[in-house]
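A.B. asks: Right, I'll just put the structure down here and ask away after.
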Amino acid sequence: RAYHTSSPCTDVVMAAGTIVLVRNEISQENTQTLEPFRQTLDLLERGLTLIQPVLISKAIDELVSKVVLYELSPHGFHLLLERLAALVVVVLEELNIPLSELFPPGAGPFEDLRSIRTLDTLRNWLSAMAESIQALITRRQEKLAIQKVRETLGYIERFYMQEDLSIRRLCEELYISPSYLSALLKTHTGKTFVELLTETRIQKACELLRSSDKKTAEIARLVGYQDPHYFGLIFKKLIGKTPGEYRKNYE
């Protein structure tokens with residue numbers, strides 16, 4: 041089943057989940073009917089695409105006010121609804137959101153909007169659509185954030201023994217900014233990158249102290265510390281004992 045509607049510049053055709061934009065010759069009458077709404081529709085599209093509630097709310101208020109101000113005819117209202125449906129489809133495509141994530145099978149923005157008869161219903165539908173898009177994007181961002189935190193913990197586990205391991209180096213691998221990753225780690229673990237790295241190194245040092253007879257200086261190097269004295273200070277700060285005391289107590 042294909043969707044089809046007209047905008048002032050293009051036809052929007054959707055079939056099998058794919059949007060196709062083609063040139064369309066629209067009558068001068070239809071173009072003039074929708075011209076007062078052009079900037080408002082652009083504002084709504086920008087707000088939806090950027091997930092900006094303030095812009096969305098402003099655009100919806102303007103849209104409803106203009107319908108009243110210009111005393112839009114039933115035909116003009118129908119054209120506006122078709123244009124809004126096309127706008128929503130394009131926004132979902134730009135955000136990579138399949139229709140199936142927001143609408144039941146066989147339904148979509150065209151069917152929904154064609155059934156609208158009042159401005160209150162239109163306002164409520166647009167507001168609900170904006171909230172649904174925002175909620176979906178938020179869930180995606182949360183999922184991505186958790187994935188990046190897991191990747192960070194895995195990276196630390198694999199490379200903790202490298203003295204030059206840093207958050208900047210990690211971010212180059214993950215293609216995100218250090219400030220963003222720092223915020224994610226603080227939110228999801230309550231700790232900084234340095235704290236997570238230090239805890240991992242000291243945990244590995246404890247394992248070596250319990251399972252081997254290696255000297256403290258060698259263990260320090262194995263877990264990423266070239267300075268045995270500094271390693272000892274960090275170890276005591278986290279464990280409450282020196283490495284020698286820890287090994288003796290364990291034995």
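With the sequence shown counted from 1, adding 40 to any position gets you the numbering used here.
Glycine included, every Cβ here is placed at the ideal spot set by N, Cα and C.
Fair warning: this is a prediction, and the values are worked out from it, not measured in the lab.
#1: Given this structure, state the Cα-to-Cα distance separating G146 from E203, to the nearest angstrom.
#2: Spatial neighbours of D152 within its chain, please: CB distance less than 7 Å, with the 5 preceding and 5 following residues excluded, ordered by chain position.
#3: Compare the Cα-Cα distances from Y220 to each of L184, T89 and L237 and report the closest residue.
#4: Based on Cα-Cα distance, which residue from S217, Y215 and L237 lies nearest to L205?
#5: Quick one: what's got a C-beta closer than 6 Å to K281's C-beta in the same chain, skipping five residues either side?
#6: Return the first residue and the last residue of the alpha helix (DSSP H) that N289 is part of.
#7: Alpha carbon to alpha carbon, how far is Q243 from G272? Give it in angstroms, no decimals.
#8: Could you tell me whether the stretch 127 to 137 touches the stretch 69 to 85, where touching means 3 or more Cβ pairs closer than 8 Å?
#9: Quick check on the burial criterion: 16 or more other C-beta atoms within 10 angstroms. Buried or exposed for T232?
#10: Examine the Cβ distances between the stretch 189 to 199 and the stretch 89 to 106 and report whether three or more of them are shorter than 8 Å.
C.D. replies: Taking the coordinates as given:
#1: As a position in the sequence shown, residue 146 is number 106, starting the count at 1. As a position in the sequence shown, residue 203 is number 163, starting the count at 1. C-alpha separation (whole angstroms): 57 Å.
#2: Here residue 152 refers to the residue found at position 112 when the sequence shown is read from its first residue. Correct list, in chain order: W165.
#3: If you number the sequence shown from 1, residue 220 lands on position 180. Ranking L184, T89 and L237 by Cα distance to Y220 puts L184 first.
#4: Residue 205 sits at position 165 when you count from the first residue of the sequence shown. Nearest option by C-alpha distance: L237.
#5: On the sequence shown, residue 281 is found 241 positions in, with the first residue counted as 1. Excluding positions up to five away in sequence, the list is empty.
#6: For the purposes of this step, residue 289 is taken as residue 249 along the sequence shown, with counting starting at 1. P283 to Y290 is the span of the alpha helix (DSSP H), which, as asked, contains N289.
#7: To locate residue 272, count along the sequence shown from 1; it is residue 232. To locate residue 243, count along the sequence shown from 1; it is residue 203. When rounded, the distance between both Cα atoms is 13 Å.
#8: yes
#9: As a first step, residue 232 must be located in the sequence shown, where it is residue number 192. Burial call: exposed.
#10: no
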